[in-house]
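Notes follow the structure.
Numbering (the numbering used here), first residue to last: 25 to 226.
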């Protein structure tokens with residue numbers, strides 16, 4: 025059975041970003057990249073725990089999902105890029121996300137979701153570079169892999185490989201389930217040291 029995801033906390037403001045004493049892995053990506061679908065697929069739930077919408081920019085908060093077993097958090101960050109909202113609202117989300125990424129000592133890595141059908145986008149590259157500037161490990165995931173033909177995958181992998189260096193992207197499909205086990209393994213690897221320490225302290 026897949027791990028259980030429980031929505032424990034939702035933060036709309038910096039003041040609601042309470043520190044938690046367990047490791048965290050963040051999920052980041054452009055609006056409409058398939059982040060909510062990925063969360064629901066990881067949870068293995070027929071009834072969605074993350075709302076999926078055809079309208080980009082629906083995630084307007086930071087959502088903390090406790091993962092059990094494992095005792096860590098998957099943290100859903102607001103989608104960046106296109107969203108039907110004012111500049112001031114987008115600036116508020118960006119500031120909230122930046123505060124989380126820079127002031128969360130429990131953060132062990134960032135899963136960056138990228139649309140496998142598109143060439144590398146400037147805004148995605150900026151996020152990769154920002155995470156590296158903050159010395160945050162990244163886990164690049166190419167979403168909607170079922171819509172990326174096999175002959176296109178080598179080209180997509182090469183294009184991103186030039187930017188990501190020694191961090192190969194993982195193809196993922198919420199429709200077929202491709203990449204689910206591999207992504208869970210990568211997430212657990214990111215929190216492995218913390219889980220080992222918790223087991224030793226128990």
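Where a beta carbon is used, it is the ideal one built from N, C-alpha and C, also for glycine.
The alpha-carbon of residue 152 is positioned some 32 Å away from that of residue 25. For residue 142, the closest C-alpha among the options 162, 181, 154 is that of 181. Using a 10 angstroms sphere on the CB of residue 48, the tally of other CB atoms reaches 16 or more, which defines it as buried. Rounded to the nearest angstrom, the gap between the Cα atoms of residue 121 and residue 173 is 33 Å. Between the segment 34–48 and the segment 155–162 there are fewer than three C-beta pairs closer than 8 Å, too few to call the two in contact.
DSSP, reduced to helix, strand and coil, places residue 32 within a strand of the structure shown. Taking C-beta separations shorter than 6 Å and ignoring five residues to either side along the sequence, the partners of residue 89 in its chain run 29, 31, 98, following chain order. For residue 113, the enclosing alpha helix (DSSP H) starts and ends at 111–126. Where residue 38 is concerned, there is no enclosing alpha helix (DSSP H), because DSSP gives it neither an H nor an E. Residue 111 and residue 118 have their C-alpha atoms roughly 10 Å apart. In this structure, residue 137 sits away from residue 184, with a CB-CB distance that is not shorter than 9 Å. Taking each of 61, 168, 93, 50 in turn and checking the Cα distance to residue 195, the smallest one comes out for 168. Annotated as distal: residue 62 and residue 27, with beta-carbon spacing of 9 Å or more. Distances from the CA of residue 101 to each of 87, 92, 93, 191 were compared; the closest alpha carbon is that of 87. Residue environment analysis places residue 190 among the exposed positions, since fewer than 16 neighbouring C-beta atoms fall within 10 angstroms of its C-beta.
Secondary structure of residue 48 (DSSP, three-state): strand.
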